[in-house]
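A quick write-up on the structure given underneath.
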């Protein structure tokens, strides 16, 4: 008999932990009214007091530590974690992050709104680092899908914990799918041919979801093949299909304001009720829109229900996924939740600080070393630390608030101790700006000016050390650090005759001075209306840097980016060159102090051609968090071996990169897999202070069949005099493939630490699915029979061992020409991939309607064909479709106007004579229209 002292709501079946989760979710779902269920579709899901159900919100940022909730342990940026190539370390970083997030959930007030901070962690980011100019490069792990999936899985496992029933936090994979540009990100479409979709972009997400480590995903802002990611059928046909064997459903959330974007600016739907209905049906379970104000998005969904665009089943499906997640997070079983006792003391605890140091240290990559490093503190007791990042640690948009910060300069001081000296020169000019109108100094102070490239400057008050910032229309030097969505601390000094104009980068407006009261405002729209300022140089930053370099035994020049200036969310980089001012500073220092080491602290790669040719040492680190300086000091002075390896290719300065919106990694030649020019530093590159030898690559068999696996081993030996780490990288490649195969493809990797003289035998299992490619003729993954190579490498550019491997099996059959999806081409010219309908399907259309667009379909069996049919849509009457083989034209078909891009019709024509045999087929589109499929028929 149940005690009457237990509240009635606590006796309801959904409160009974003895019942299965399915029954508990069913019970709670059935007790919610329709209005309560619809309200749960918003990011801020309200409480249901009558059932004792608390409010719930989606999303806490946790990319490399807990962000936006106050001081927390800050680990290296995600690209830095990727550079560790250490899955167990990354798992531990995520574990620490999730423990701190639990503490924020229980013991800190919500940063936004009421209730508790969310235990749903919006991390990791699995978008591949295809283009190093991407503004959010820092958020991804790697340009390679295998590497990204491995590191991403490790991070998810750390976030979830290892309890069989409860989650510590709930990881959400970002951003589905093919999101790798910021400029116009909400309206640009990533064109993914099937091979790129399956072998590259989906390949980063597939293993993570299939492992069961992820609990959700976030749709991307962009479009894929002309269709917004928030209504893509891939959410259901791929993401959720991969999760089915795990027995769990993914809870899919929208990105911020993306549901509204479907109407404006994307204009994909006519009204918001229609767009929200389409997103819900496509698999979006939670709408992150209009901030805390749920009335507008919920009103749109309610209208969609009233119009019959969605039904209660659509609503229930999404709410069920949310409730299941909440049960797994322990919300309804606080007495059983093993993570409920986590206290506030874990935030920034000693253990997490040590982990921050270790992860920052292991992420440091030694790119070049001609004997300068490690520095000998006995011979280099005076070190000049030079550059804009010499004595600065930056936060990025998705980092937490630094509890403390160790800069490169302070890190070196702490390691050197009393026996050494560190002198700092950041290379900035100290200037005064005097108004021509009032004669007063701007801000009544001098400023230290840093040029971050392309004329974008920050001005820091000499008196207060704070940044000059735009507040509404006035100026004040009141910002301790740069950390806001709209960066108001960047300016340009525009030369005009013998003076300069002060222009704010954010608004584009110029400073003016009131001639009556001398008040400075930033309101002028044109240069003609702007105040003229006399620019007086009080200190030459380069001269000060040279003085410091000359007075020291060694110079360490620390260059790179500020994470919120040039290359950030909403802004891609224009190129990969170092900022001109930084390059000039580096060359000047190196000229007077040949013993110069360059440290690049950045969110992305740079073209370092000059430095690689002229400097004895080059090091890279991401923005490494609170322990950045101590980690770099340990590596520079030899207390730690540089264990990091590059997670993406560093291209040369004269290597023309493809267009940022060319997502076809195969044809464009992106990443180590397809880029044919020799890069400056290849994927996987990184040096050690010791030596390693690889030998005895042994395969259990040199022949295999599709679906099987082989075992292999390789011996790694530390041949040097120091303990060090190496990443053994296992690659595969197809020889003489019938398709354009990758030059190399990462199949596996292992990070190993060995003492001097120590060796170890590493064993790997190589499934043949590591050799698969997406066969566009069959619409499936396949392993072609033939010759392959297995390669052991130090990097994608440094192969040390190879072994042949033969895959046996029948030769692939020709493509059947009976029904061919137009997007399943082997090659193309002047083609764009677009949506066939708003719901599903791809089509092709000329990228430039003034030129013919050509599709190639190799080895197509046309035997017996006497007629061709094609599915087309057109808003242009001047169009035609042509089918050709090497023997000539098979057919030409006029394309009629169909009334709209989604209005499809079948056109057909008889062939002049029956076709026999297998042919390379070309399909040529003349004019502006869409083609989704064609068929060659025998009748």
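In the UniProt record's numbering, the protein residues as written are 1 to 939. From the three backbone atoms N, C-alpha and C, an ideal C-beta is built for every residue, glycine too.
Would you call residue i buried or exposed, if buried means 16 or more other Cβ atoms sit within 10 Å of its Cβ?
i           : result
residue 656 : exposed
residue 427 : buried
residue 818 : exposed
residue 20  : exposed
residue 281 : buried
residue 3   : Note that residue 3 scores 47 on pLDDT, short of 50, meaning its location in the model is unreliable and no value can be drawn from it.
residue 943 : Since the first and last residues shown for the chain are 1 and 939, residue 943 lies out of range.
residue 399 : buried
residue 354 : exposed
residue 7   : exposed
residue 676 : exposed
residue 38  : buried
residue 702 : exposed
Does residue i come out as helix, strand or coil in the three-state DSSP assignment?
i           : result
residue 588 : helix
residue 106 : helix
residue 533 : strand
residue 174 : strand
residue 246 : helix
residue 196 : helix
residue 392 : coil
residue 781 : strand
residue 329 : coil
residue 98  : helix
residue 38  : helix
residue 147 : helix
residue 626 : helix
residue 705 : coil
residue 896 : coil
residue 288 : coil
residue 111 : coil
Which value, in whole angstroms, describes the spacing of the CA atoms of residue i and residue j?
i           : j           : result
residue 233 : residue 332 : 33 Å
residue 143 : residue 165 : 34 Å
residue 120 : residue 237 : 24 Å
residue 653 : residue 388 : 22 Å
residue 873 : residue 835 : 11 Å
residue 695 : residue 801 : 7 Å
residue 462 : residue 442 : 12 Å
residue 978 : residue 384 : Residue numbering for the chain in the displayed model covers 1 to 939; residue 978 lies beyond these limits and cannot be assessed.
residue 452 : residue 630 : 24 Å
residue 875 : residue 855 : 21 Å
residue 478 : residue 337 : 45 Å
residue 493 : residue 502 : 5 Å
residue 909 : residue 814 : 24 Å
residue 149 : residue 889 : 46 Å
residue 944 : residue 131 : Examination of residue 944 is not possible in this model, given that the chain is present from 1 through 939 alone.
residue 496 : residue 136 : 35 Å
residue 34  : residue 253 : 20 Å
residue 320 : residue 249 : 10 Å
Verify the CB distance criterion: does residue i have a CB-CB separation below 8 Å to chain D?
i           : result
residue 264 : No chain D appears in this structure, which consists of one protein chain only.
May I ask you to list the residues that DSSP assigns as paired with residue i?
i           : result
residue 724 : 754
residue 401 : 71
residue 441 : 434
residue 495 : 500
residue 475 : 470
Quiz item: Can you find at least 3 beta carbon pairs, one from the segment 802–815 and one from the segment 183–202, that sit closer than 8 Å?
Solution: Counting Cβ pairs under 8 Å, fewer than three are found: no touch.
Quiz item: Would the segment 715–722 and the segment 772–790 be scored as touching if the rule is three or more Cβ pairs under 8 Å?
Solution: No, because fewer than three Cβ pairs between the segment 715–722 and the segment 772–790 fall closer than 8 Å, the two stretches do not touch.
Exercise. Report yes or no: do three or more beta-carbon pairs, one from the segment 843–860 and one from the segment 913–927, lie closer than 8 Å?
Key: Touching, per the Cβ criterion.
Quiz item: Between the segment 356–372 and the segment 611–620, do at least 3 Cβ pairs fall closer than 8 Å?
Solution: Verdict: yes, contact present.
Exercise. Check whether the segment 432–450 touches the segment 535–554, taking contact to mean three or more Cβ pairs, one atom from each stretch, closer than 8 Å.
Key: By the criterion of at least three beta-carbon pairs nearer than 8 Å, the segment 432–450 is in contact with the segment 535–554.
Quiz item: Would you call the segment 721–732 and the segment 630–646 in contact, with 3 or more CB pairs under 8 Å?
Solution: Taking a cut-off of 8 Å for Cβ pairs, the segment 721–732 and the segment 630–646 touch, as three or more such pairs fall below it.
Quiz item: At a cut of 8 Å, does the segment 546–554 reach the segment 562–570 through at least three beta carbon pairs?
Solution: Not touching, per the Cβ criterion.
Self-check item: Segment contact, 8 Å Cβ cut-off, at least three pairs: the segment 825–843 with the segment 215–227
Solution: The answer is yes - the segment 215–227 touches the segment 825–843, with three or more Cβ pairs under 8 Å.
Quiz item: Just checking, does the segment 507–519 make contact with the segment 594–612 on the three C-beta pairs under 8 Å criterion?
Solution: At 8 Å Cβ cutoff, the stretches do not touch.
Quiz item: Okay, do the segment 661–675 and the segment 734–745 touch, 3+ Cβ pairs below 8 Å being the bar?
Solution: Yes: the two stretches touch, three or more of their Cβ pairs being nearer than 8 Å.
Exercise. Determine, using beta-carbon pairs with one atom in the segment 36–55 and one in the segment 279–298, whether at least three such pairs fall under 8 Å.
Key: Short answer: they touch.
Quiz item: Is there contact here, the segment 240–248 with the segment 264–274, by at least three beta-carbon pairs under 8 Å?
Solution: The segment 240–248 is not in contact with the segment 264–274.
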